[in-house]
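A.B. asks:
2 protein chains.
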Amino acid sequence: MRDKDVAQTPGAVAQHLDPRVLRTRKRVVHAVARLLAERGIAGVTMERVASEAGVARSTLYRYWDGPDALVAEMVDAFVDIPDVPDSGDLRRDLVNLLGGMAEQLQSESTWAQVLPSVIAAARVEPEIRRRADRQASTRVDALRAVLDRATERHQLDTHVDLDVVLDQLIGPLYYRSLVRELDTDRGWVQDHVAAVLHAQSPSLRPA
Amino acid sequence: MRDKDVAQTPGAVAQHLDPRVLRTRKRVVHAVARLLAERGIAGVTMERVASEAGVARSTLYRYWDGPDALVAEMVDAFVDIPDVPDSGDLRRDLVNLLGGMAEQLQSESTWAQVLPSVIAAARVEPEIRRRADRQASTRVDALRAVLDRATERHQLDTHVDLDVVLDQLIGPLYYRSLVRELDTDRGWVQDHVAAVLHAQSPSLRPA
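Going line by line, the protein sequences match chains L and S. Going by the numbering used here, the first residue of the first sequence is number 1, and it counts up by one from there. Going by the numbering used here, the first residue of the second sequence is number 1001, and it counts up by one from there.
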């Protein structure tokens, strides 16, 4: 797991500012991600996480009730509130945002490796579902902010249904990278954004 | 697991026409799906599958090398070659095909429950990846056949890039049902197909 994969936003534990606690949290989050990627949700036990992270089981139990709470904590560690780009160019802003999402979903990234297990766990654990939804919402909200601004600036046709555009921007990215492991490199993202914008708003022809 | 979830197309074992072998295969496929949905890939062991399916371990080993082969067999059982509808109405045909895919992805269906684990396993097991790709291709191919026919009949604008349309038809369905657990009922499928067709081919206004 690369350090840059883990956002430094506040989670349940990170709200304590004690640097020892922050270091523990980071080791625990990495251990949970490793176990989840290698063994699936059934492989995340308090004993294994304690051993992998090099912390005492009593320390784990001080902050987390059990494996589900650990997975929820890990999901939170990936909540990375993206800066909303504002270059004045709608297509460029969308390519930058969606390109960042595509990088996180590339198959060698930690998030891509744990996401199938997180999805499976979210079906049965409401707390993991809630965290996973918050995780996804940060990205959808950033894309929506870019589209809202473009509408205000009359860069998008007024008849455009933004929910449809969001589905069409995000959906193929997940289908390709998660379900099919097809290419979603920068070139694909550029073509994809251009196609969606042009289809929805024919006045937006390629520059 | 409902019987109708499991397609009766030939897999490794189904090629034997002995009805006892077919019944064994069916019980094994159901057991693998149950274990996978409940415990993830690490929960699929030869011992548990034999016990759940009520077959001898020696019988399992006669047909399958190990747990990965069992999961691959289960994926094959879901390869359901859809009839390509041809009502003469492009939108209706797409709604029927995509509506069938949406039903298979609804959260209580077996396929939706095992798909995250299949995706996770496909990342590390080439044989599972190959079967999962074949599974996905049957659906993409059916959609493509409907679009190709519409192009021949001049029901789609000739400039339309069919790969883009396929991404835009399938992607949001998987993102919504698999990643977000949002609504993908018949009404959503109808609105979605209409929006994609209208955006790509503005001459296709709602009937």
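Each residue gets a CB set at the ideal place from its N, CA and C atoms; glycine is no exception.
1) Quick one, which of L:L115, L:A112 and L:A120 has its alpha-carbon nearest E1108 of chain S's?
2) Along chain S, in chain order, which residues have C-beta atoms closer than 7 Å to that of Q168 of chain L?
3) Run through DSSP, which three-state label would H198 of chain L get?
4) Nearest-angstrom Cα distance between V28 of chain L and G1040 of chain S?
5) Short of 7 Å in beta carbon distance, which residues of its chain neighbour Q190 of chain L, apart from the five on each side in sequence? Order them along the chain.
6) Alpha carbon to alpha carbon, how far is A1194 of chain S from L1098 of chain S? Give it in angstroms, no decimals.
7) Check whether the segment 1119 to 1139 of chain S touches the segment 1071 to 1087 of chain S, taking contact to mean three or more Cβ pairs, one atom from each stretch, closer than 8 Å.
8) Tell me which same chain residues have a C-beta within less than 7 Å of the C-beta of S87 of chain L, skipping the five on either side of it?
9) Between the segment 1111 to 1128 of chain S and the segment 111 to 127 of chain L, do at least 3 Cβ pairs fall closer than 8 Å?
10) Using a beta-carbon distance below 9 Å, is V196 of chain L in contact with chain S?
11) Are the CB atoms of L1169 of chain S and H1192 of chain S nearer to each other than 9 Å?
12) Which chain L residues sit within Cβ distance under 8 Å of S1109 of chain S?
13) Nearest to V140 of chain L by CA position, among L:Y174, L:R153 and L:T158, is which residue?
14) How would you write the range of the alpha helix (DSSP H) that L98 of chain L sits in, first residue to last?
15) Helix, strand or coil for L70 of chain L, going by three-state DSSP, please let me know.
16) What span of residues does the alpha helix (DSSP H) with H154 of chain L cover, start to end?
17) I need the straight-line Cα distance from S1117 of chain S to E181 of chain L, nearest angstrom please.
18) In this structure, how does DSSP classify P1082 of chain S when only helix, strand and coil are distinguished?
19) Consult DSSP for A120 of chain L and reduce its assignment to one of helix, strand or coil.
20) So which residues of chain S does L35 of chain L contact, with C-beta pairs closer than 7 Å?
21) I'd like to know whether the C-beta of H192 of chain L is nearer than 9 Å to at least one C-beta of chain S.
22) Using three-state DSSP, classify G40 of chain L as helix, strand or coil.
23) Mind listing the chain L neighbours of S1051 of chain S? Cutoff is C-beta to C-beta under 8 Å, in chain order.
24) I need the straight-line Cα distance from A31 of chain L to Q104 of chain L, nearest angstrom please.
25) Could you check how far apart the C-beta atoms of L36 of chain L and E52 of chain L are, in whole angstroms? I think they sit under 8 Å.
26) For V1029 of chain S, would you say it is in contact with chain L, using Cβ-to-Cβ distances shorter than 9 Å as the test?
27) Which chain S residues are close to Q200 of chain L, counting only those with a beta carbon under 7 Å from its beta carbon?
28) Let me know the secondary structure DSSP gives L182 of chain L once reduced to three states.
29) Mind checking which residues open and close the alpha helix (DSSP H) that includes Y1063 of chain S?
30) Contact criterion: CB-CB distance below 9 Å. Does R1023 of chain S meet it with respect to chain L?
31) Expressed to the nearest angstrom, what Euclidean distance is found between the alpha-carbon atoms of L166 of chain L and D157 of chain L?
32) Tell me the DSSP secondary structure of D18 of chain L in three-state form.
33) Distance, Cα to Cα, P1067 of chain S vs T59 of chain L?
34) DSSP on D163 of chain L, reduced to helix/strand/coil?
35) Rounded to the nearest angstrom, what separates R1025 of chain S and G43 of chain L at their Cα positions?
36) Kindly list, in the order they appear in chain L, the residues whose Cβ is closer than 7 Å to that of I1119 of chain S.
C.D. replies: Short version:
1) L:A120
2) Q1168 and P1172
3) helix
4) 22 Å
5) V95
6) 12 Å
7) yes
8) D93
9) yes
10) yes
11) yes
12) Near S1109 of chain S there are no residues of chain L at all, since even the closest Cβ is about 11 Å away, more than 8 Å.
13) L:Y174
14) L90 to L105
15) helix
16) That residue, H154 of chain L, is in no alpha helix (DSSP H); it is neither H nor E in DSSP.
17) 15 Å
18) coil
19) helix
20) By Cβ distance, chain S contributes nothing, its closest Cβ being about 10 Å from L35 of chain L, past 7 Å.
21) yes
22) coil
23) Those within 8 Å of S1051 of chain S in chain L number zero; the least Cβ separation is about 17 Å.
24) 19 Å
25) Contact doesn't hold; Cβ gap of about 11 Å is too wide.
26) no
27) A1199
28) coil
29) R1057 to Y1063
30) no
31) 15 Å
32) coil
33) 36 Å
34) helix
35) 28 Å
36) P116, L178 and V179
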